[in-house]
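Numbering (the working numbering), first residue to last: 2 to 315.
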Amino acid sequence: MNKVETPYSEMIGDTTISNKQKYSMIISEIKALIKIGIVNSNLITTIAGFLLAVHFTNTSFINHWGTFLLTIIGSAMVIAGGCILNNWYDVDIDPKMERTKNRPTVTGFFSLKMVLVFGLATTIAGIILLMFTTIQAALFAFLGWFVYVVLYTIWSKRRYTLNTVIGSFSGAMPPLIGWAAVSPSIHTVPIVMFLIMFVWQTPHFLALAMKKTEDYREAGIPMLPVVHGFDFTKRQIVVYIACLLPLPLLLTPFLGITFTVIATLLNIGWLVLGFRGFFIKDDLKWANLIFIYSLNYLILLFPLMIIVTLPIFN
């Protein structure tokens, strides 16, 4: 039996499928519904913000382990809730794109009513959990959710090429959530972390948009490469990568020279790769390289922020 063609309600009552298979199918579909990759990547920056706040407030993680659990679970639920509602709203255009046509909202594995309720309930539960840390953390989470669901998904995604920039605001909120859960006070470190995430997302998602240009064109979504072509998009990618160059310098007084040097080298490497796009004939191959580099950039940079605060660097 094909799980793509089998709604959740029918699969549960199907005696030809073992309980283990049912469990595996349900978990797989839930992962697709909540966009587990997005949740995980955002949690990396949330954890970084939290641990750096612990470090710079001169407190012990052991004293904050309960808050840490509330922060991670609450943040994950709010992020997942936003992704669920994104899938719910985009059910009409997702069938037109190769990478989204098998989402559980499209295949009917979960009913749209179930998805809507699940998305709202998950969001509300996540915000409530974050309120047990600090009000500021819950507020940052709500702002990120609101931008992603309302300003990006519902308002700008189908209307403006700036939808990527608007959506970047929500993706930059997790480090602020992590920091605010420990220390609601304003500090340079979480602000710069926010800026790094805000700038990073545009070249990341524009590279993805180049790879999936035909999908977006078919769905009628005005992504930059669809509206203005590859050459214009490549210039924008390079501009945004260049904007990352000064940001590590702002963190030098707090994270030290080791972080600044490594982060700057990562930025220069990405920028060099960006400039290569003006000389490479295969635009899609270049876009894929930019996309892969952006993922590794995120995976390396934010854990590095934590590593350089360890006693060996002090």
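Glycine included, every Cβ here is placed at the ideal spot set by N, Cα and C.
Quiz item: So, helix, strand or coil for serine 171, using DSSP?
Solution: Residue state, collapsed to three classes: helix.
Quiz item: Which stretch, first to last residue, makes up the alpha helix (DSSP H) that contains arginine 218?
Solution: Element bounds for arginine 218: 214 to 220.
Self-check item: Residue from Met132, Ile308, Leu52 and Asn88 whose Cα sits closest to the Cα of glycine 120
Solution: Minimum Cα distance to glycine 120 is reached at Asn88.
Quiz item: Which class does isoleucine 281 belong to by DSSP, given the choice of helix, strand or coil?
Solution: Looking at isoleucine 281 - three-state DSSP - the assignment turns out to be coil, as it is neither helix nor strand.
Quiz prompt | Distance, arginine 104 Cα to isoleucine 291 Cα | solution = Whole-angstrom Cα-Cα distance: 26 Å.
Self-check item: Cβ-based neighbour list, phenylalanine 279, same chain, cut-off 6 Å, excluding 5 preceding and 5 following
Solution: Closer than 6 Å at the Cβ level, and outside the excluded window around phenylalanine 279, lies no residue.
Practice problem: Flag this pair as touching only if the segment 141 to 151 and the segment 76 to 88 have three or more C-beta atom pairs under 8 Å; answer yes or no. | Solution: By the C-beta criterion, the segment 141 to 151 is judged to be in contact with the segment 76 to 88, since at least 3 inter-stretch pairs fall below 8 Å.
Quiz prompt | The alpha helix (DSSP H) enclosing glutamate 30, as first and last residue numbers | solution = 20 to 35 is the extent of the alpha helix (DSSP H) around glutamate 30.
Quiz item: To the nearest angstrom, how far is it from the Cα of tyrosine 181 to the Cα of leucine 207?
Solution: Note that residue 181 is alanine in the sequence shown here, rather than tyrosine. Their Cα atoms are separated by approximately 30 Å.
Practice problem: Please state whether DSSP places phenylalanine 111 in a helix, a strand or coil. | Solution: Coil at phenylalanine 111, not helix or strand.
Exercise. Can you tell me the Cβ-Cβ gap for threonine 134 and methionine 78, rounded? I've got them flagged as a contact below 8 Å.
Key: Rounded, the Cβ-Cβ distance is 13 Å, inconsistent with contact.
Practice problem: For leucine 301, count neighbouring Cβ atoms within 10 angstroms of its own Cβ and tell me buried if that reaches 16, exposed if not. | Solution: So leucine 301 counts as exposed.
Quiz prompt | Reference proline 249, options Lys114, Val193 and Leu144, closest by Cα | solution = Cα-wise, what sits closest to proline 249 is Val193.
Quiz item: Alpha carbon to alpha carbon, what distance is there between aspartate 283 and arginine 277?
Solution: Counting only the Cα atoms, aspartate 283 lies some 11 Å from arginine 277.
Quiz prompt | Test item: CB-CB of isoleucine 128 and glycine 75 under 9 Å | solution = Yes, the Cβ-Cβ distance between isoleucine 128 and glycine 75 is below 9 Å.
Quiz item: Given a threshold of 16 other Cβ atoms within 10 Å of its Cβ, counted over all protein chains shown, does lysine 21 qualify as buried or as exposed?
Solution: Under this definition lysine 21 is an exposed residue.
Quiz item: How would you label phenylalanine 62, buried or exposed, when you count the other beta carbons within 10 angstroms and need 16 or more for buried?
Solution: Burial call: exposed.
Exercise. Could you tell me the distance, in whole angstroms, from the CA atom of leucine 246 to the CA atom of leucine 144?
Key: So the two alpha carbons sit approximately 27 Å from each other.
Practice problem: Measure from the alpha carbon of serine 42 to the alpha carbon of each residue in Gly275, Met198, Val239 and Val273, then state which is nearest. | Solution: Out of Gly275, Met198, Val239 and Val273, the CA that lies nearest to the CA of serine 42 is found in Met198.
Exercise. Determine the contact status of tryptophan 146 and serine 171, defining contact as a CB-CB distance below 9 Å.
Key: Against a cut-off of 9 Å, the Cβ pair of serine 171 and tryptophan 146 comes out as a contact.
Quiz item: Are at least three pairs of beta-carbons, each pair with one atom in the segment 39 to 57 and one in the segment 173 to 180, less than 8 Å apart?
Solution: Yes, they touch.
Quiz prompt | As assigned by DSSP and simplified to three states, the class of proline 223 | solution = Residue state, collapsed to three classes: coil.
Exercise. May I ask you to check if the CB of valine 55 is nearer than 8 Å to at least one heavy atom of the ligand NAD?
Key: This structure simply doesn't include the ligand NAD, nor any ligand for that matter.
Quiz prompt | Contact belief for methionine 174 with alanine 142 at Cβ below 8 Å, rounded distance in angstroms | solution = 7 Å between Cβ atoms; contact.
Quiz item: What residue range is occupied by the uninterrupted alpha helix (DSSP H) comprising tyrosine 90?
Solution: Looking at the DSSP string, the run of the alpha helix (DSSP H) that includes tyrosine 90 is 66 to 90.
Quiz prompt | Range covered by the alpha helix (DSSP H) that runs through isoleucine 136 | solution = It spans 136 to 147 - the alpha helix (DSSP H) in which isoleucine 136 sits, taken as one unbroken run.
Self-check item: Proximity to leucine 296 [Cα-Cα], best of Val118, Thr165, Leu209 and Pro8
Solution: When each option's Cα is compared against that of leucine 296, the closest is Leu209.
Quiz item: Span of the alpha helix (DSSP H) holding leucine 316?
Solution: Shown here, the chain extends from 2 to 315; a query on residue 316 therefore has no answer.
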